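Going by the numbering used here, the sequence shown opens with residue 1168, and the numbers climb by one from there.
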Amino acid sequence: MRILVIGSGGREHALVWKLAQSPHVTEMWCAPGNAGIAEEQIQKTEKPVQCVNITAEDLPKLLAFAQEKKVQFTVVGPDNPLALGVVDLFQKNGLRIWGPNQRAAQFEASKVFSQGFMERHGIPTARGGTFDDAASAKKFAESLDGKCAVKADGLALGKGVLVCANMAEANKAIDEILVSKTFGAAGSKIVIQEFLEGIEISLHALCDGKTAKLFPTSQDHKRALDGDRGLNTGGMGTFSPTPFLDQAQLEQTGRLILAPWLKGCMDEDIDYRGILYPGIILTKHGPRVIEFNARFGDPETQVYLTRLENDLVELLDASVSGTLGRTELKWSPTASVCVVMASGGYPGSYAKGKPITGLDDAAQLPNTKVFHAGTARAGDQIVTSGGRVLGVTSWTKDLKSAQAAAYAAVQKIQFEGAQFRRDIAAKAM
Ligand code: AMP
């Protein structure tokens, strides 16, 4: 099978790495990919995975490329092309592609849609409201004493959520999004949710239009600095499983959220085939969904795919075919930990082009994989080219040893200004 993967981050490196292990794959391209993806090899044919210089948002070029290379299956990593309708476009042209269509991708592309959907279908979420004028938004925020999350409706590079502790912060956040239009058209409407206290976990479910298969638990670390301090980032590290939800509680949470979600999709004629990734806060009143994502999490993918025992091509194919009901997801009993190494200054401004050393040494370590995110090749060197640079991932018998192994690998790798958290998975021990 000839496969195209769309995207360039750590999530896409993990997808490529896992797909390349499938005996179904004969050729694989990644658009645009990164320096680590370009080093992957297809296990069956020993052919290299080829990176193609087309961005994930350039839908016409992606389509033309897939047609030219007679790609048989396309896998979409990031949210943007989904929101732009890449799945609809490929399907209209008779190409097989994995990911939710544009209508289904609204769960991530519109927080207003998601909040309304959860309320219509009794999915446990935060008390919230939807606004397009600042005065009524501020009135609602006041009813919450300013303790709220103010969210731009549309996609805003993961920066569209402002968490507020008081009315001064809430007023500022509302003005920033609705009046100053910091996030442009993505902020022409906002959702305000009450601030929820509790542990935040990530759920993933693979869906095929009628079935949703729940993954094990995982937890991200959103803040830049140790002890959950500093600015919100795309995610500085993950671990799976988390001890804060046992298997019975996970299944119960799945039933509470996925059963009404699936029924709601049927009622509203939404054909969801792809990953549904709800962000959840475990409050003292039970789990609450704070948002839906319509794709794999990054860096959750890195810990999930190092634990997944199924053939990923077969799983994604079943998700497209609507045959997931006959498939059982199999997970290794290991724990997996991913530590993100980022450029100095991230999530603010940062320098690019810093040479990375020690990757070969880290690659020698057992049960460890260094997934690349913001990397590029410059001559015979691999250099930094983004905020999150690497996702150093280790999997072994338990969280403690997986954490030790991941940090041992991090110690082998150097680049100027490298920053990483030293407490990934610490809260689980
Ligand atoms: P989101 O993109 O909606 O997941 O929001 C980004 C981050 O803001 C989340 O990962 C949470 O840490 C935080 N957040 C969002 N909504 C809430 C809420 N209702 N209560 C508390 N924290 C929230």
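The C-beta atom is built at its ideal place from N, Cα and C for all residues, glycine as well.
Here the structure is a predicted model, which is why all the values come from computation and not from measurement.
Nonlocal neighbours in the same chain, by C-beta distance under 7 Å from residue i, ignoring five residues either side
i, result
"PRO1410", "ALA1595"
"ARG1396", "ARG1390"
"LEU1249", "VAL1243, GLY1266, PRO1267, ALA1272, ALA1461, ARG1462"
"PRO1491", "According to the sequence as given, residue 1491 is Leu; it is not Pro. So the qualifying residues of the chain are LEU1373, ASP1375, THR1378, LYS1380, ALA1485."
"LYS1430", "HIS1288"
"GLU1583", "LYS1521"
"LEU1423", "PRO1291, PRO1454"
"LEU1608", "As shown, the chain starts at 1168 and ends at 1596. That puts residue 1608 outside it, with no answer to give."
"ASN1220", "PRO1199"
Beta-carbon proximity list for residue i, same chain, < 8 Å, skipping 5 on both sides
i, result
"THR1563", "THR1501, ALA1502, ASN1534, ALA1569, ALA1572"
"GLY1515", "LEU1398"
"ASN1333", "ASP1312, GLY1313, LYS1314"
"VAL1480", "MET1168, ILE1170, LEU1186, SER1189, HIS1191, VAL1192, PHE1240"
"PRO1383", "SER1407, PRO1408, LEU1417, TYR1471, ARG1474, TRP1498"
"LEU1322", "ASP1246, ASN1247, ALA1250, GLU1275, ALA1276, ALA1353"
"LEU1262", "LEU1230, ALA1233, GLN1234, VAL1238, THR1241"
"ASP1434", "HIS1288"
The ligand AMP heavy atom lying under 7 Å from the CB of residue i
i, result
"LEU1392", "no"
"VAL1456", "no"
"GLN1360", "yes"
"ILE1448", "yes"
"SER1293", "Here residue 1293 is Ala; the residue named in the question, Ser, does not match the sequence. The answer is yes for ALA1293."
"LYS1318", "yes"
"VAL1254", "no"
"LYS1211", "no"
"ASN1399", "yes"
"LYS1567", "no"
"GLU1286", "no"
"VAL1506", "no"
"GLU1336", "no"
"GLU1275", "no"
"LEU1363", "yes"
Close-in-space but distant-in-sequence residues of the same chain around residue i (CB under 6 Å, 5 per side omitted)
i, result
"SER1385", "SER1369, THR1405, SER1407, GLU1467, VAL1470"
"LEU1472", "ALA1181, LYS1185"
"GLU1458", "GLY1446"
"ARG1544", "ALA1202"
"ARG1455", "PRO1291, THR1292, ALA1293, LEU1363, ILE1448"
"SER1499", "ARG1474, GLU1476"
"PHE1117", "As shown, the chain starts at 1168 and ends at 1596. That puts residue 1117 outside it, with no answer to give."
"GLY1174", "ALA1223, GLY1244, PRO1245"
"PRO1215", "GLN1208"
"THR1494", "ALA1485"
"MET1403", "HIS1388, VAL1507, ARG1588"
"GLY1176", "ASP1465, ALA1540"
Three-state secondary structure (DSSP) of residue i
i, result
"LYS1326", "coil"
"PRO1227", "helix"
"VAL1253", "helix"
"HIS1180", "helix"
"VAL1504", "strand"
"THR1212", "coil"
"LYS1430", "helix"
"PHE1298", "strand"
"GLU1361", "strand"
"ILE1344", "helix"
"THR1241", "strand"
"LEU1483", "helix"
"GLY1421", "helix"
"VAL1279", "helix"
"LYS1318", "strand"
"GLN1188", "coil"
"ARG1474", "coil"
"SER1407", "strand"
"LEU1311", "coil"
Assumed close pair residue i, residue j - CB separation to whole angstroms, cut-off 8 Å
i, j, result
"LYS1559", "ALA1576", "For the record, residue 1559 in the displayed sequence is Val; it is not Lys. Contact holds; Cβ gap of about 5 Å."
"VAL1358", "LYS1318", "5 Å"
"LEU1526", "ILE1549", "6 Å"
"GLU1511", "GLN1586", "Reading the sequence as shown, one finds Gly at residue 1511 and not Glu. GLY1511 to GLN1586, Cβ: 5 Å. Contact."
"THR1551", "ILE1523", "6 Å"
DSSP bridge partner residues for residue i (one or two, in chain order)
i, result
"ASN1338", "BP columns for ASN1338 are empty, so no partner."
"SER1561", "VAL1504, THR1535"
"LYS1306", "Answer is none; LYS1306 lacks a bridge partner."
"THR1292", "VAL1456"
"THR1444", "The residue asked about is misnamed: residue 1444 is Tyr in this sequence, not Thr. Answer is ASN1460."
"GLY1174", "PRO1199"
"LEU1581", "The sequence given here has Gln at residue 1581, not Leu. Paired residues: THR1524."
"SER1369", "SER1385, GLY1446"
"VAL1550", "PRO1522, ALA1543"
"GLN1586", "ALA1509"
"ILE1264", "THR1241"
"ASP1375", "ARG1440"
"ASN1220", "Its beta-bridge partners do not exist; DSSP assigns none."
is_contact[residue i, chain B] using C-beta, thresh 8 Å
i, result
"THR1241", "In summary, chain B is missing from the structure at hand, where a single protein chain is found."
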